[in-house]
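Below: the structure, in structure tokens.
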Amino acid sequence: MATATYDGSSTMPCLICETKNPADGILCDECGAPMALIQEAVTRDRDPCIVTVLGESNVGKTVYLGMLLDMLSKRAEDYEAIPKGAYSVNVQHNVISYLSGRQFPPKTAVEVDDWHWAYYQVMHKRHGSNIYDLVMPDMAGEAIATEVANPQTFRVIRSLLEKSAGAILLVDGALAATGSPQPDFFALKLMSYLDGVVSVKKGEKIKTPVAVVLSKGDHCPECFDDPHGFARTNLNRLWNICEARFENYEFFATSVVGALGFGTDGENVVQYPLHVAPRGILEPFEWVLSTL
Numbered sequence: 001m002a003t004a005t006y007d008g009s010s011t012m013p014c015l016i017c018e019t020k021n022p023a024d025g026i027l028c029d030e031c032g033a034p035m036a037l038i039q040e041a042v043t044r045d046r047d048p049c050i051v052t053v054l055g056e057s058n059v060g061k062t063v064y065l066g067m068l069l070d071m072l073s074k075r076a077e078d079y080e081a082i083p084k085g086a087y088s089v090n091v092q093h094n095v096i097s098y099l100s101g102r103q104f105p106p107k108t109a110v111e112v113d114d115w116h117w118a119y120y121q122v123m124h125k126r127h128g129s130n131i132y133d134l135v136m137p138d139m140a141g142e143a144i145a146t147e148v149a150n151p152q153t154f155r156v157i158r159s160l161l162e163k164s165a166g167a168i169l170l171v172d173g174a175l176a177a178t179g180s181p182q183p184d185f186f187a188l189k190l191m192s193y194l195d196g197v198v199s200v201k202k203g204e205k206i207k208t209p210v211a212v213v214l215s216k217g218d219h220c221p222e223c224f225d226d227p228h229g230f231a232r233t234n235l236n237r238l239w240n241i242c243e244a245r246f247e248n249y250e251f252f253a254t255s256v257v258g259a260l261g262f263g264t265d266g267e268n269v270v271q272y273p274l275h276v277a278p279r280g281i282l283e284p285f286e287w288v289l290s291t292l
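For the sequence shown, the positions run 1 to 292 when the numbering used here is used.
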């Protein structure tokens, strides 16, 4: 990705789609990404690293991303993460506030201007002095599904993937463990979409690192015992496309909740997180950074 620059004119390019916007604009007129991203990038004077968290609706993207950012900001495993802009704290604040109140956060809105974006400066104290300016958006699963089915509906998603240094793909391990083919098919569609977005020479595999994360591992502990074996058995279509088209991929398992309660909202059964016990949150992120 080209280095973020600003020539002092009255317009500024969007960090995601590079469309020229008024320098004092709030959101990109074309893709809806916050213009604060490019303003921060210009201040840092180096290329930000975009890591995209993908997955279908209700797979746990918001909870995973919020928990990851919160652990990084609390210096878990000797990481140091500093938010660049108060807006960057919104997703973790939202997630932790709901979980501490024994609720899951509401689904992310489909409208792009309602998404939470995070811009963090991250480094690891024990592993050299590399500093990563990480941009991580919390995208709606419905928007991702719409874009995969009808490309260019949400241009911001395609632009994000074109510029992404790495991706974290969440797949519902608990649903896959029941024998449902839905997680496998949706993940296959996403990887096929990514294959079409990232241009490579004929015969070459895609080098963009993709961490495939089996979410909701508290429902299926076998995910943690052998993520590779679980994926090969229960997500064989996904496994095959990874093996055939991607050079850098790895399988992980994760969970956030240690105990669930069940209630009703009048008509529907509702799950409540009674105990938060994060597991396998940092490992996929660490692996992605290690391949950059």
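Beta carbons are placed, not taken as given, at the ideal position from N, Cα and C, and that holds for glycine. Quantities reported herein were computed from a predicted structural model and do not represent experimental measurements.
Checklist entry - Between which two residues does the beta strand (DSSP E) harbouring S192 extend? => result S192 -> not in any beta strand (DSSP E); alpha helix (DSSP H) instead, spanning Q182 to V197.
Next on the checklist: Looking at R237: is its Cβ nearer than 8 Å to the Cβ of D184?
Outcome noted: Yes, Cβ-Cβ distance for R237 and D184 is below 8 Å.
Checklist entry - Is there contact here, the stretch 227-234 with the stretch 173-188, by at least three beta-carbon pairs under 8 Å? => result yes
Checklist entry - Which residue's Cα is closest to the Cα of R102: V171, V257, N21 and F186? => result V257
Next on the checklist: What does the alpha-carbon distance come out to for the pair C17 and R155?
Outcome noted: Rounded to whole angstroms, the gap between the alpha carbons of C17 and R155 is 8 Å.
Next on the checklist: For a quick check, are the C-beta atoms of Y119 and L169 less than 8 Å apart?
Outcome noted: It is not a contact, given that the beta carbons lie outside the stated cut-off.
Checklist entry - What does E162 pair with, by DSSP beta-bridge criteria? => result E162 is not bridged to any residue.
Item to check | Bridge partner(s) assigned by DSSP for Q271 | outcome: F262
Next on the checklist: Can you look up S57 in the DSSP assignment and give me helix, strand or coil?
Outcome noted: DSSP, read as helix, strand or coil, puts S57 in coil.
Checklist entry - Which first and last residues belong to the beta strand (DSSP E) in which T11 is found? => result T11 to P13
Next on the checklist: From the DSSP secondary-structure annotation, give me the bridge partner or partners of K20.
Outcome noted: P13
Item to check | Three-state secondary structure assigned by DSSP to M136 | outcome: strand
Checklist entry - Looking only at DSSP bridge pairs, what is H124 linked to? => result Y79
Checklist entry - Which ranges does the beta strand (DSSP E) cover as unbroken runs of at least 3 residues, wholly within the stretch 81-125, from first to last along the chain? => result 116-124
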